[in-house]
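Accompanying notes for the structure given below.
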Amino acid sequence: MLNGKHIILGITGSIAAYKAAMLCRLLVKEGAEVRVVMTPLAKQFITPLTMATLSKHPILVEFFNPENGEWNSHVSLGEWADMLLIAPATANTLAKMVTGIADNLLLTTYLSARSKVAVAPAMDLDMYAHITTQNNLKTLSERGVSIIEPGAGELASGLVGKGRMAEPEEIVEQVKAIFASEKKKSLEGKRYIVTAGATIEAIDPVRYITNHSTGKMGYAIAEELASRGAEVRLISGRTALPTPKGVERIDVLSAEDMYNAAVREWAEADGGVMCAAVADYTPVAVADRKLKKSDDDMRIELKRTKDIAKELGATKGNRVLVGFALETDNEEANAEGKLQRKNFDFVVLNSLQDKGAGFRGDTNKVTLIDRNGHEEHPLMSKRDVASVIVDKIETINQR
Ligand code: C5P
């Protein structure tokens with residue numbers, strides 16, 4: 033199962049380092065090629081000789097060999113690896129991974145690694161439960177690091193609780209599972225554009241018109257496309273979300289900016305997903321000074337914005353174009369209208385009448401509508417909805 037996989041086993045200064053010997057042996061037995069990188073403190077817990085013997089290679093600790101100046105390149109190590117597995121991972125190393133501190137070879141290797149990264153935390157129960165450690169683990173997990181949860185039991189301190197590093201056999205199982213879940217890079221060589229989030233239409237230098245879109249659905253789709261190997265240009269209105277891994281983000285504010293960016297990027301794209309909540313109207317004139325209030329009512333004259341999706345649909349050819357419809361009434365008929373008008377291959381309908389669907393939340397309940405019919409899905413996480421949408425894009429690609 034791990035045949036030929038290149039694994040860097042990172043060992044940090046924890047009592048649990050003794051288990052790294054068994055872990056190394058099991059990884060090698062499964063067919064993996066293992067290189068061991070230890071932090072300076074880890075050498076106090078398990079000897080380099082043990083780890084070198086088990087991994088069949090000299091272990092690495094320092095940036096260079098002080099005897100002959102030979103450089104231990106964290107960059108080539110990072111390129112070589114299919115996985116960087118840090119076991120045991122101390123609270124200290126986890127915190128440094130979060131902040132980008134690079135004061136030893138293991139940390140520079142982490143920052144250079146393009147591979148999967150997994151950590152098996154090991155520490156005392158209070159250190160593990162501390163809000164700082166928990167936040168660090170959450171951040172790492174959000175950045176795509178796999179966390180191999182510690183078990184509960186007796187700790188080196190004599191206290192009993194959660195913090196004991198997972199057993200080597202269990203870590204190996206999780207490493208296998210991480211490789212097994214590796215997605216096929218089915219969209220390699222394809223480029224997609226995704227519009228996401230809300231546009232902002234200025235009224236004056238202070239006020240603007242916008243809507244409730246958070247961008248979560250579009251960001252999840254961009255992430256899913258990228259995880260299948262596609263090159264993704266995410267044209268994003270204002271959101272509070274981090275840019276998904278492997279995605280190139282183009283920030284825009286107004287509907288007009290989004291239109292210009294989308295039309296430009298569409299020229300070289302193989303497909304597009306129109307997920308943004310684009311303003312339909314924008315002020316005819318933007319005041320260059322803050323509008324003063326008076327006792328009278330005020331009227332702002334609005335003009336239509338350009339329809340991005342319709343423009344891309346008109347020049348679609350045989351590329352895939354997906355649209356969204358967020359409706360409050362007459363849902364299906366309205367969605368079918370958009371399918372025709374904007375020349376979408378399919379429309380993702382989410383109704384504001386469904387609980388848990390639409391804006392803000394992490395879930396969505398959608399119906400995919402194409403020219404052959406309707407496909408209704410249950411309430412799912414936006415991530416799973418993204419996966420369903422990208423699956424359908426792939427079936428259209430294959431036609
Ligand atoms: O017409 P309506 O705004 O309801 O259509 C929604 C679909 O059209 C969404 O996919 C949305 O991203 C897209 N759209 C667009 N440009 C606009 C308005 C909507 O791309 N100006």
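Start counting the sequence shown at 33; every next residue gets the next number (the working numbering). Beta carbons are placed, not taken as given, at the ideal position from N, Cα and C, and that holds for glycine. On a predicted model such as this, the values are computed, not experimentally measured, just so you know.
Give the straight-line distance between the Cα atoms of residue i and residue j, rounded to the nearest whole angstrom.
i	j	result
C56	I47	16 Å
Q166	I235	43 Å
I40	M115	6 Å
E300	A262	13 Å
S189	S383	54 Å
E407	I401	6 Å
T171	P274	11 Å
L381	F211	34 Å
I225	K342	15 Å
T271	M249	11 Å
M70	E186	25 Å
V310	K37	46 Å
V60	S144	24 Å
L34	I428	34 Å
E297	K387	35 Å
L127	I163	Before going further, note that residue 127 is Ala rather than Leu in the sequence given. Straight-line Cα distance between these residues: approximately 12 Å.
A456	T125	An answer regarding residue 456 cannot be provided, because it is not within the stretch 33 to 431 covered by the chain.
S147	I332	53 Å
H89	L81	10 Å
Compare the beta carbon distance of residue i and residue j with 9 Å and say whether it is the shorter of the two.
i	j	result
N136	P182	no
A418	E280	no
L191	I179	no
A154	L117	no
A83	A152	With the sequence shown as reference, residue 83 is identified as Met, and Ala is not the correct amino acid for it. Against a cut-off of 9 Å, the Cβ pair of A152 and M83 comes out as no contact.
Y142	M129	yes
L371	R403	yes
V264	G247	no
Y313	T337	yes
F376	M290	no
I232	Y240	yes
A389	A308	no
K374	N396	no
A119	I78	no
I43	A74	yes
If you run the structure through DSSP and keep just helix, strand and coil, what is residue i?
i	result
P98	coil
F378	strand
R458	In the structure as shown, the chain starts at 33 and stops at 431, and residue 458 therefore has no counterpart that could be examined.
L257	helix
M33	coil
G247	coil
T242	coil
T44	coil
I421	helix
I225	strand
R431	coil
3 or more residues per run - each beta strand (DSSP E) lying fully within the stretch 62-108: 65-70
Let me know the alpha helix (DSSP H) ranges lying completely inside the stretch 329-410, each 4 residues or longer, listed in chain order. 340-346, 363-373
Runs of 4 residues minimum, wholly inside the stretch 268-333: which ones carry the alpha helix (DSSP H) assignment? 287-298
Can you list, in chain order, the stretches of the alpha helix (DSSP H) that have 4 or more residues and sit fully within the stretch 162-222? 163-174, 200-212
So within the stretch 104-157, which uninterrupted beta strand (DSSP E) runs reach at least 3 residues, ignoring any that extend past its ends? 115-121, 148-153
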